[in-house]
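2 protein chains.
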Amino acid sequence: MIVDKNDIEAACKQVAPFAHRTPVLQSSLLNDLAGCEVYFKCENFQKMGAFKMRGALNAIGNLSPAQKQAGVVTHSSGNFGQAVALAAKNLGVTAHIVMPKNAPSVKKEAVAHYGGIVTECESTLAARESTAKEIQEKTGATFLHPSNDMDVILGNATAGVELLQDQPNLDILMTPFGGGGLIAGTALAAHYYGNHCKVIGGEPFNVDDAYRSLESGKIETNETTNTIADGLRTHLGDKNFPIIQELVSEIIRVEEHEIVAAMRLIWERMKIIIEPSCAVPFAALLRENERFRNQKVGIILSGGNIDVKNLPF
Amino acid sequence: MIVDKNDIEAACKQVAPFAHRTPVLQSSLLNDLAGCEVYFKCENFQKMGAFKMRGALNAIGNLSPAQKQAGVVTHSSGNFGQAVALAAKNLGVTAHIVMPKNAPSVKKEAVAHYGGIVTECESTLAARESTAKEIQEKTGATFLHPSNDMDVILGNATAGVELLQDQPNLDILMTPFGGGGLIAGTALAAHYYGNHCKVIGGEPFNVDDAYRSLESGKIETNETTNTIADGLRTHLGDKNFPIIQELVSEIIRVEEHEIVAAMRLIWERMKIIIEPSCAVPFAALLRENERFRNQKVGIILSGGNIDVKNLPF
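Chains as they are written, first to last, in the working numbering: chain A, 1093 to 1405; chain B, 1093 to 1405.
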């Protein structure tokens, strides 16, 4: 194992001063429906609205003084851009966020509100990468990857650590499976803080690159990005894939309508706002609920950033 | 004072076994925006989704064995019907809920799901009252009023008591102002458990019967019910009005667009679901925020039952 428990403890220390210790909620109604005890770790209540704050805080916090002086850069159309902007602000570091021109203006404004410097580019991955590269070369800023970075993974692990501190006897810990950064961190948390706690990912059938990667033993990609779970369209990386191969038990895939139904259940029954990607593990649990019967299941509710004017129900 | 502290303590004991002790949430972003410290008591997370559960539990719990045997009846198109159905189920009592024919089927199903016996009637107040009366006469069931009943008021008080136990030094406690049952209970809680804690109600300009009642000294009514805050269309009663006259400092009225804006802020920034009526006190605070500067303000978030397919934004 390339990570040891001290690395996770260090991440917890790094993250704690600037992140919420988010609550763990339960719903007796959803427990009845699922046939098991579900503990929801509410990262939708995290600063900037998603667990990504944790990885960004740890990655920026671990930079050297000279690196901090030169700033950080990332490209993102989603939560990681906001997380880097806010974490950098908290730590007194300049953050450059490359965003596609056609990103919703509300997202650009959120990044700017957190003090991030927005640079717009064309909406292709190549344009995003080359624009970030230019900023790196011009400013000396450190590039931060949203999921394939050990400090980001360790920062993400802190959500699972907190959940296991509150509920040490979880049988299973579930997260959405996107670029692999959250599930890799959560698997490390379960390995070092759990009591025989299995880790299971939820993934949309429509972007099941991770499921296929674990089958084939190499990093697979998706032919389309046609899922409502817009945070889960990304691929695995060389840093997180080995951790996942070693520590994640399995991936349960779900249909789009199951994601929407699970999201709506959590909205209506728990009265909390989650984004579609966030509903995927609960959808996976409901799809195969026979296997979870009477177990204690923790679910990381990854985020709650959604346009309330544009809902799938 | 017709109520003493022992009555409230008794209500707390009666309510606690079957209600959630709901969390108190804060948002640094909303604090910045409001210019004061706001403590949100999340009754939207209460069983059946609203504070009304507390009043129903206390009122039914305080019935004699013979009365419990005969059951309870109320008429409601909203949260109180669900509250009575669920509280009665918890306490092993039969509940008859009179609902207008044109009530949304989702609400009728919710009452039936909680074990309530739904009787449909025409959608006039007269039809609701006469149908409830018939059931009373036929079954001997006790009629429960949603807001003008001392046991309901005392049950409602328990939300404020819990909030003041968690935050004993609130300067101000705010609630929506509808039929007067919540604010009367909250005012009793502030009187007996607060430390010079003022109580302020929020009310829509479009149904400002309570504001005018406090001005005139007698119970006023509304000419229209034209507000998005559908829980606040009701009038004061002879049981709660004297308490309110004695213990409520003032009422701040708000425009419809202010209610929608406050609701959206709480949804987007706190990631929690509240119904329009519930947003009214925060709208009132924002409208007159100069007067609240640097104060510690508690707000009872009254409920979160809303059709997510039909939002005002």
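Note that CB positions come from ideal geometry on N, CA and C, so glycine has one too.
Closest residue to residue i among the options (Cα-Cα distance)
{"i": "Gly1208 of chain B", "options": "B:Thr1216, B:Asp1243, B:Asn1171", "result": "B:Asn1171"}
{"i": "Asn1182 of chain A", "options": "A:Lys1331, A:Ile1351, A:Gly1163", "result": "A:Gly1163"}
{"i": "Glu1342 of chain B", "options": "B:Lys1331, B:Ala1353, B:Ser1305, B:Lys1310", "result": "B:Ser1305"}
{"i": "Gln1159 of chain A", "options": "A:Phe1137, A:Met1362, A:Val1185", "result": "A:Val1185"}
{"i": "Val1400 of chain A", "options": "B:Leu1403, B:Asp1399, B:Ile1398", "result": "B:Leu1403"}
{"i": "Gly1395 of chain A", "options": "A:Asn1261, A:Pro1192, A:Gln1161, A:Ala1175", "result": "A:Ala1175"}
{"i": "Glu1385 of chain A", "options": "A:Val1116, A:Ser1119, A:Cys1128", "result": "Residue 1385 of chain A is actually Arg in this sequence, not Glu. Arg1385 of chain A has its Cα closest to that of A:Cys1128, out of A:Val1116, A:Ser1119, A:Cys1128."}
{"i": "Leu1178 of chain A", "options": "A:Pro1157, A:Ala1151, A:Ser1197, A:Pro1196", "result": "A:Ala1151"}
{"i": "Phe1110 of chain A", "options": "A:Gly1329, A:Leu1265, A:Leu1149, A:Cys1213", "result": "A:Leu1149"}
{"i": "Lys1310 of chain A", "options": "A:Val1352, A:Lys1199, A:Pro1334, A:His1112", "result": "A:Pro1334"}
{"i": "Glu1367 of chain A", "options": "A:Arg1113, A:Glu1338, A:Gly1141, A:Tyr1206", "result": "A:Gly1141"}
{"i": "Arg1146 of chain B", "options": "B:Ser1197, B:Ser1120, B:Thr1231, B:Gly1173", "result": "B:Gly1173"}
{"i": "Ser1308 of chain B", "options": "B:Arg1383, B:Leu1274, B:Gln1337, B:Ile1358", "result": "B:Gln1337"}
{"i": "Leu1217 of chain B", "options": "B:Val1190, B:Lys1230, B:Glu1201", "result": "B:Val1190"}
{"i": "Gly1293 of chain B", "options": "B:Gly1277, B:Ala1276, B:Thr1267", "result": "B:Thr1267"}
{"i": "Lys1139 of chain A", "options": "A:Ala1251, A:Pro1157, A:Ala1233", "result": "A:Ala1251"}
{"i": "Thr1326 of chain B", "options": "B:Cys1289, B:Gly1273, B:Glu1347", "result": "B:Gly1273"}
{"i": "Thr1166 of chain B", "options": "B:Val1198, B:Val1210, B:Ser1156", "result": "B:Val1210"}
{"i": "Arg1345 of chain B", "options": "B:Thr1316, B:Thr1317, B:Asn1298", "result": "B:Asn1298"}
{"i": "His1349 of chain A", "options": "A:Ala1279, A:Ile1320, A:Gly1329", "result": "A:Ile1320"}
Chain A residues whose Cβ lies nearer than 9 Å to that of residue i
{"i": "Phe1405 of chain B", "result": "Val1400, Lys1401"}
{"i": "Glu1443 of chain B", "result": "Past the boundaries of the shown model lies residue 1443 of chain B; chain B is included only from 1093 to 1405, so the question cannot be answered."}
Cβ-Cβ separation, residue j to residue i (assumed contact under 8 Å), whole Å
{"i": "Pro1238 of chain A", "j": "Gly1271 of chain A", "result": "6 Å"}
{"i": "Met1362 of chain A", "j": "Leu1125 of chain A", "result": "That pair is no contact at about 12 Å."}
{"i": "Cys1104 of chain B", "j": "Val1203 of chain B", "result": "Contact doesn't hold; Cβ gap of about 26 Å is too wide."}
{"i": "Ala1354 of chain B", "j": "Leu1378 of chain B", "result": "6 Å"}
{"i": "Ser1215 of chain B", "j": "Lys1193 of chain B", "result": "6 Å"}
{"i": "Val1107 of chain A", "j": "Leu1255 of chain A", "result": "Going by Cβ atoms, the distance from Val1107 of chain A to Leu1255 of chain A rounds to 14 Å, so no, they are not a contact pair."}
{"i": "Phe1235 of chain A", "j": "Ala1219 of chain A", "result": "The Cβ separation is near 15 Å, so there is no contact."}
{"i": "Asn1240 of chain B", "j": "Lys1331 of chain B", "result": "5 Å"}
{"i": "Ile1358 of chain A", "j": "Ile1364 of chain A", "result": "6 Å"}
{"i": "Thr1313 of chain B", "j": "Asp1301 of chain B", "result": "6 Å"}
Listed by chain order, chain A residues near residue i by CB distance under 8 Å
{"i": "Gly1396 of chain B", "result": "Lys1363"}
{"i": "Leu1342 of chain B", "result": "Before going further, note that residue 1342 of chain B is Glu rather than Leu in the sequence given. Those do not exist, as Glu1342 of chain B stays about 29 Å from chain A at its closest Cβ, beyond 8 Å."}
Run of the beta strand (DSSP E) containing residue i, from where it starts to where it stops
{"i": "Phe1065 of chain A", "result": "The requested residue 1065 of chain A does not occur in the structure, where chain A is confined to residues 1093 to 1405."}
{"i": "Met1191 of chain B", "result": "1187-1192"}
{"i": "Tyr1131 of chain A", "result": "1129-1134"}
{"i": "Cys1213 of chain A", "result": "1209-1213"}
{"i": "Arg1113 of chain A", "result": "That residue, Arg1113 of chain A, is in no beta strand (DSSP E); it is neither H nor E in DSSP."}
{"i": "Arg1356 of chain A", "result": "Segment 1348-1362 is the alpha helix (DSSP H) holding Arg1356 of chain A; no beta strand (DSSP E) there."}
{"i": "Glu1295 of chain A", "result": "1290-1296"}
{"i": "Lys1388 of chain B", "result": "1388-1393"}
Closer than 8 Å at the beta carbon, the chain B residues around residue i
{"i": "Leu1356 of chain A", "result": "For the sequence presented, residue 1356 of chain A should be read as Arg rather than Leu. Ordered by position in chain B, the residues that pass the 8 Å Cβ test against Arg1356 of chain A are Val1400."}
Cross-chain neighbours of residue i in chain A, by beta carbon under 7 Å
{"i": "Asn1248 of chain B", "result": "What Asn1248 of chain B touches in chain A: nothing, since even the nearest Cβ is about 19 Å away."}
{"i": "Glu1360 of chain B", "result": "Val1400"}
Closer than 7 Å at the beta carbon, the chain B residues around residue i
{"i": "Asn1136 of chain A", "result": "Lys1363"}
{"i": "Gly1141 of chain A", "result": "Lys1363"}
{"i": "Pro1115 of chain A", "result": "Pro1115"}
N- and C-terminal bounds of the alpha helix (DSSP H) containing residue i
{"i": "Thr1223 of chain A", "result": "1217-1231"}
{"i": "Pro1157 of chain A", "result": "1157-1162"}
{"i": "Gly1147 of chain B", "result": "1144-1153"}
{"i": "Leu1199 of chain B", "result": "Per the sequence shown, residue 1199 of chain B should be read as Lys rather than Leu. Here the alpha helix (DSSP H) through Lys1199 of chain B covers 1197-1205."}
{"i": "Ile1100 of chain B", "result": "1097-1107"}
{"i": "Glu1307 of chain B", "result": "1301-1308"}
{"i": "Lys1181 of chain A", "result": "1171-1182"}
{"i": "Arg1383 of chain B", "result": "Element bounds for Arg1383 of chain B: n/a, residue is neither H nor E."}
{"i": "Gln1257 of chain A", "result": "1242-1258"}
{"i": "Pro1334 of chain A", "result": "1332-1339"}
{"i": "Asp1124 of chain A", "result": "1120-1126"}
Short CB-CB distance (under 7 Å) between residue i and chain C
{"i": "Ile1209 of chain A", "result": "Considering every chain present, this structure includes no chain C. Its protein chains are A and B."}
Handout entry: Contact between the stretch 1096-1106 of chain B and the stretch 1275-1287 of chain B (3+ Cβ pairs under 8 Å)
Key = A contact between stretches requires three or more CB pairs, one per stretch, nearer than 8 Å, and the stretch 1096-1106 of chain B meets this requirement with the stretch 1275-1287 of chain B.
Practice task
Determine contact between the stretch 1241-1250 of chain B and the stretch 1369-1380 of chain B, defined as no fewer than three beta-carbon pairs at a distance below 8 Å.
Solution key: No: the two stretches stay apart, fewer than three of their Cβ pairs being nearer than 8 Å.
Practice task
Could you tell me whether the stretch 1377-1394 of chain A touches the stretch 1122-1138 of chain A, using the rule of 3 or more Cβ pairs below 8 Å?
Solution key: Enough Cβ pairs lie closer than 8 Å, so yes.
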